[in-house]
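Numbered according to the numbering used here, the sequence shown spans residues 7 to 345. Glycine residues also receive a C-beta, built at the ideal position from the N, C-alpha and C atoms. Notes follow the structure.
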Amino acid sequence: MMAFPLAAQAQVDLSSLDRGMAGPRAQVLVLGTVHLGSMPAGFNPASLDGVLDRLTAFRPDIVTIEAEPGEECDLAARHPAKYGADYCAPTAVAMASTGLDVPAALAEADKTLKAWPARPTPAQRRRLAAVFMAANERASAYVQWLQLPVSERRAGDGLDAALVEALGKLGQRNDESYQLAARLAARLGLARVHAVDNHTGDRIDVPDMKAFVRAIEAAWAEGGAALKEREKQQEVLRQAPDLLPLYRYINQPEGLRVFAEANVSPAMRAKSAEGYPQIWVGGWEIRNLRMVANIRETFRERPGARLVSIVGVSHKPWFDSWLGQLQGVDIVDAAAVLK
């Protein structure tokens, strides 16, 4: 009988390769968030001001969001059989206004940002907002819109009436990409936010999708008692006029441990002839790995950057763990920043 070696952990320790690194280390703060689209009726964006004050004091150079980047949207649009026809929002209105498809808009945005002045004119901001809309980078378009004086939030320089209306509606959306990330970037005078989500690994190839979903839901039901208790307290905090206590609560290490275990541990223990729960975990890891790689790309050319990544709280344990393994990167304690 052939003998196989015992399973082993990584044979080389990479954790000290950046010892003695020249220059400052990157400071990465992962802010776990609730999805604001699920907030109670009457949600007021001003309830986030306390959170924004503390994030502003951290002074990040880069802000990332849980949204698909324009380049990925373009990829999905070119492969509808794989990704579906509604993977991202359509850009037809922005294309009609600017004459740019997504690749052309991405190229113009990149060229514009390389020469972006310290004090852009309103015309420059309007043009960049229009280009970002055409590039399917709507949160970045809203960053530019917020930095325009109210009297300059009008059509012109590539923005037609339809795009002006669309930008106004973005500001009314209960979405952390706009109400947290874009507002933060605008406060700091940043030109954009960086969309880093990734769903290209979501197309799970199983013979019975309904059975797959049932298996996952059954696994989560078995292991969700501790999470349900946390969610009860979250629901109380979600009703408050100041959401800073909610963000403090969901970014506590103990709560993050509960989220991580409830997400994965029951699925890994669940018995399934097809291995459906374990397949789901593989997909969850693929998504988080690709998101972490996208985040790394935002500061690859900026060693020592300060970065805030705003992401659904269930992702935060994976982000902290995997980003913390990168060379020259320190993970910042979100709970300490939110004090």
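Within 10 Å of its beta-carbon, does residue i have 16 or more other beta-carbons around it, so buried, or fewer, so exposed?
i: residue 74; result: buried
i: residue 109; result: exposed
i: residue 288; result: exposed
i: residue 269; result: buried
i: residue 23; result: exposed
i: residue 4; result: Shown here, the chain extends from 7 to 345; a query on residue 4 therefore has no answer.
i: residue 72; result: buried
i: residue 261; result: buried
i: residue 308; result: exposed
i: residue 52; result: exposed
i: residue 301; result: buried
i: residue 88; result: exposed
i: residue 200; result: buried
i: residue 210; result: exposed
i: residue 120; result: exposed
i: residue 26; result: exposed
When DSSP labels each residue in this structure, what does residue i get in the three-state scheme?
i: residue 239; result: helix
i: residue 415; result: Coverage of the chain is limited to positions 7 through 345, which leaves residue 415 absent and any answer about it impossible.
i: residue 174; result: helix
i: residue 201; result: strand
i: residue 106; result: coil
i: residue 59; result: helix
i: residue 26; result: coil
i: residue 207; result: coil
i: residue 212; result: coil
i: residue 154; result: coil
i: residue 90; result: coil
i: residue 355; result: Because the chain is modelled from 7 through 345, residue 355 falls outside the range shown and cannot be assessed.
i: residue 196; result: coil
i: residue 165; result: strand
i: residue 343; result: helix
i: residue 294; result: helix
i: residue 49; result: coil
i: residue 21; result: coil
Where does the unbroken alpha helix (DSSP H) through residue i begin, and where does it stop?
i: residue 76; result: 76 to 83
i: residue 318; result: It is not in any alpha helix (DSSP H) - residue 318 instead sits in the beta strand (DSSP E) that spans 312 to 318.
i: residue 326; result: 322 to 329
Could you work out which residue in the options is closest to residue i when comparing CA atoms only?
i: residue 283; options: 263, 322, 227, 156; result: 227
i: residue 263; options: 31, 236, 170; result: 236
i: residue 317; options: 36, 194, 20; result: 36
i: residue 107; options: 77, 303, 304; result: 77
i: residue 54; options: 253, 322, 26, 313; result: 253
i: residue 155; options: 230, 127, 274; result: 127
i: residue 99; options: 323, 69, 144, 330; result: 144
i: residue 217; options: 281, 95, 17, 310; result: 281
From which residue to which residue does the beta strand (DSSP E) around residue i run?
i: residue 34; result: 32 to 39
i: residue 70; result: 68 to 71
i: residue 335; result: 335 to 338
Those runs of the alpha helix (DSSP H) which lie wholly inside the stretch 215 to 280 and span at least 4 residues: Counting only runs of 4 or more, we get 215 to 228, 231 to 244, 250 to 256, 259 to 275.
Runs of alpha helix (DSSP H) wholly within the stretch 111 to 147 (minimum 4 residues, chain order): Taking only runs of at least 4 residues, the alpha helix (DSSP H) segments lying wholly in the stretch 111 to 147 are 128 to 140.
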